[in-house]
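Going by the numbering used here, the sequence shown wraps up at 1282, each residue one higher than the last.
Every residue, glycine too, gets a C-beta built ideally from N, C-alpha and C.
Notes follow the structure.
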Amino acid sequence: MSILHDKRILLGISGSIAAYKTPTIARLLVKAGAKVQVVMTDAAKGFVTPLTLSTLTYLEVLTSFTQEDNDNAVWNNHVSLGLWADVMLVAPASANTLAKMATAAADNLLLATYLSAKCPVFFAPAMDLDMHKHPANQDNINRLVANGNILIPATSGPLASGLEGEGRMEEPEQIVAILEDYFKSKSPLSGKKIVITAGPTYEPIDPVRFIGNHSSGKMGYALANAAAQQGADVILISGPTAGNITHPNVSVVAVTTAAQMLAACMDVYTNTDALIMAAAVADFQPTEKAQQKIKKQAGIPSLSLAPTPDILSKLGEGKKNQILIGFALETQDALANAQKKLASKNLDAIVVNSLADDGAGFGHDTNKISFLQTNKEAVHYTLKSKQEVALDVMDHLKTMFDES
Ligand code: PMT
879 MSILHDKRIL LGISGSIAAY KTPTIARLLV KAGAKVQVVM TDAAKGFVTP LTLSTLTYLE
939 VLTSFTQEDN DNAVWNNHVS LGLWADVMLV APASANTLAK MATAAADNLL LATYLSAKCP
999 VFFAPAMDLD MHKHPANQDN INRLVANGNI LIPATSGPLA SGLEGEGRME EPEQIVAILE
1059 DYFKSKSPLS GKKIVITAGP TYEPIDPVRF IGNHSSGKMG YALANAAAQQ GADVILISGP
1119 TAGNITHPNV SVVAVTTAAQ MLAACMDVYT NTDALIMAAA VADFQPTEKA QQKIKKQAGI
1179 PSLSLAPTPD ILSKLGEGKK NQILIGFALE TQDALANAQK KLASKNLDAI VVNSLADDGA
1239 GFGHDTNKIS FLQTNKEAVH YTLKSKQEVA LDVMDHLKTM FDES
């Protein structure tokens, strides 16, 4: 899937002959899965029609502050547009438009939207060579860059005037590649396949009863979401929880027992770059599952228990290039116990949380962790939301990828 998939891109088109290339930009972006909203100036309409662009983007092209429809004026809300976008691309940026952008003039919808945009703004100047190198125009370009806008520099070559030199808008393919690079830099885990386990396992006693624990899955789901948001392809292997995740980069494999969780992990382990085991796997299972509900009239049953498979140990034994991160849920001597698990299960790191800390562990929206790695100082964190904890774990994971 392209990194541009589902990205919201505002394409601002101003009046320059290079506007004839904007249907190609729109087409490439839409083909990559981006949502493209075109905002164009009146001058741009002389070079490329709104009909062409709306056909390619499947969205109405916006050209003015209001639209008249049967005497009803509808406001094209530049503020919402500016807030909607993940990036804004002004291409071509004519001398006139970039001068107005540099001086906060807002006499058309494109400019008002630019001033309202909170997202990064890329601009691709296009004009004749003498206009381009005019000191006033260069001052405007420099001012836009100083204000944090991202310049896609004009290139050299034949110009519409018949002259030759610097002033051509960068080619559409290159502009799209620049946007891809930008989103990749925002998605440091792009290209990584990460498996995350979450929730409890239930080990059945009979058709209605089981051995389980209090895991809600919140920690594992927060990790899956954080990894996906940073561009990773995530497989979330989840025990029974009320959790819900809709990020397109996450595929969920639902399991119930430890044996099923082990099988699901083994299925994907070879092609995995990192596996984070946040699930609370039940440590014991009944040696036999009664086929029918055990009747209480028969008296208190005695249960014969056996250990469940230690999934993490098995993954540790079969580890090749994967980064393997476990969790340790402790009630006492947290760091010492976690350190033992780190070594005995052949892990690269372990995240320690303790039920002795208020707000940490099972069920809470918060957690308090320490991150332990072989041959590194332990890093201790304060109580945070599980979403923030997940981001801290992702930061460690990125460093581990960089160092591996
Ligand atoms: O789900 P929440 O309500 O948000 O709670 C989060 C959590 C407390 C469940 C989570 O933060 C956590 O600590 N998960 C690991 C719980 C646990 O089983 O810890 P442990 O110390 O018993 O096990 C150590 C590691 O071995 C864990 O990574 C565990 O997944 C793994 N394990 C344990 C037993 C087993 N049979 N197989 C395993 O792989």
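Residue 1206 CB to nearest heavy atom of ligand 1 below 7 Å: Checking the 7 Å criterion, the Cβ of residue 1206 is within range of a heavy atom belonging to ligand 1.
Touching by the beta-carbon criterion (3+ pairs, under 8 Å), the stretch 1067-1075 and the stretch 1107-1119: The answer is yes - the stretch 1107-1119 touches the stretch 1067-1075, with three or more Cβ pairs under 8 Å.
Bridge partners - residue 1111, DSSP secondary structure assignment: Answer is 1071, bridged to residue 1111.
Option in 1191, 961, 1144 and 1173 with minimal Cα separation from residue 990: The option with the nearest alpha carbon to residue 990 is 961.
Cα-Cα separation between residue 1004 and residue 910, rounded to whole angstroms: Straight through space, the alpha carbons of residue 910 and residue 1004 are spaced by roughly 25 Å.
For residue 913, the first and last residue of its enclosing beta strand (DSSP E): Membership of residue 913 in the beta strand (DSSP E) is indicated by the continuous run 913-918.
Contact test: residue 1246 Cβ vs ligand 1 heavy atom, cutoff 7 Å: Not under cutoff, so the answer is no.
Uninterrupted beta strand (DSSP E) stretches inside the stretch 1012-1093 (no shorter than 3 residues): Taken in chain order, the whole beta strand (DSSP E) runs of length 3 or more contained in the stretch 1012-1093 are 1033-1036, 1042-1046 and 1071-1076.
Check: residue 1088 C-beta below 7 Å from any heavy atom of ligand 1: Outside the cutoff, so no.
When 1102, 1209 and 1135 are compared against residue 1124, the one with the closest alpha-carbon: Selection 1102, 1209 and 1135 evaluated against residue 1124 yields 1102 as nearest (Cα-Cα).
Exposure label - residue 1018; buried when at least 16 CB within 10 Å: By the 10 Å Cβ count, residue 1018 comes out buried.
Per-residue burial, residue 1237 [other beta carbons within 10 Å of its own, 16 or more giving buried]: Here residue 1237 is exposed. Its C-beta has fewer than 16 other C-beta atoms within 10 Å.
CA-to-CA distance, residue 976 to residue 890, given in whole angstroms: Cα to Cα, residue 890 sits roughly 11 Å from residue 976.
Alpha carbon of residue 1022 to alpha carbon of residue 1028, nearest angstrom: The straight-line gap from Cα to Cα measures roughly 8 Å.
Start-end ranges of the beta strand (DSSP E) lying completely within the stretch 1202-1242, minimum 3 residues: Segments of the beta strand (DSSP E) lying fully in the stretch 1202-1242: 1227-1232.
Residue 1190: CB within 7 Å of a non-hydrogen atom of ligand 1: Yes, the beta carbon of residue 1190 sits closer than 7 Å to at least one heavy atom of ligand 1.
Reduced DSSP category for residue 928 - H, G, I as helix; E, B as strand; rest coil: The answer is helix: DSSP assigns residue 928 an H, G or I state.
Residues sharing a beta bridge with residue 887, DSSP: For residue 887, which the question treats as bridged, DSSP gives the partners 914 and 965.
Member of 1189, 1153 and 1242 whose CA lies at the smallest distance from the CA of residue 1278: Sorting 1189, 1153 and 1242 by C-alpha distance to the C-alpha of residue 1278 places 1153 at the top.
Environment of residue 1232 [buried if 16+ CB atoms lie within 10 Å]: Classification of residue 1232: buried, given that the 10 Å Cβ count is 16 or more.
Beta-carbon spacing of residue 1121, residue 1078 below 8 Å: No, these two residues do not count as a Cβ contact at 8 Å.
Residue 1155 - containing beta strand (DSSP E), residue span: Looking at the DSSP string, the run of the beta strand (DSSP E) that includes residue 1155 is 1152-1155.
The stretch 1185-1195 / the stretch 1127-1142 touching (three or more Cβ pairs under 8 Å): In short, these stretches touch, since the Cβ pair count reaches three.
Proximity test, residue 832 beta-carbon vs ligand 1 heavy atom, cut-off 7 Å: Here the chain comprises residues numbered 879 to 1282, so residue 832 is not present and cannot be evaluated.
DSSP three-state assignment for residue 939, whether helix, strand or coil: Here DSSP, grouped into helix, strand and coil, assigns residue 939 to coil.
For residue 964 and residue 885, believed in contact at Cβ under 8 Å, the rounded distance: Sure, about 5 Å apart at Cβ, within 8 Å.
Residue 903 classed as buried or exposed, judged by whether at least 16 other C-beta atoms fall within 10 angstroms: It counts as buried.
Distance CB(residue 906)-CB(residue 1054) smaller than 8 Å: Pairing residue 906 with residue 1054 gives a Cβ-Cβ distance under 8 Å.
Contact test: residue 1179 Cβ vs ligand 1 heavy atom, cutoff 7 Å: No.
Buried/exposed call for residue 895, threshold 16 Cβ in 10 Å: Result: buried.
Helix, strand or coil at residue 986 according to DSSP, with G and I counted as helix: In this structure, residue 986 counts as coil in the three-state DSSP scheme.
In DSSP terms, what residue 1245 is bridged to: The partner list for residue 1245 (beta bridge, DSSP) reads 1262.
Rounded straight-line distance, which links the Cα of residue 892 to that of residue 968: If you take the alpha carbons of residue 968 and residue 892, they lie about 8 Å apart.
Residue from 1143, 1073 and 994 with nearest C-alpha to residue 878: With the chain covering only 879 through 1282, there is no way to say anything about residue 878.
Segment limits, alpha helix (DSSP H) that includes residue 901: Segment 900-909, the alpha helix (DSSP H) holding residue 901.
Cβ pair residue 1171, residue 1086 closer than 8 Å: A contact, by the Cβ cut-off of 8 Å.
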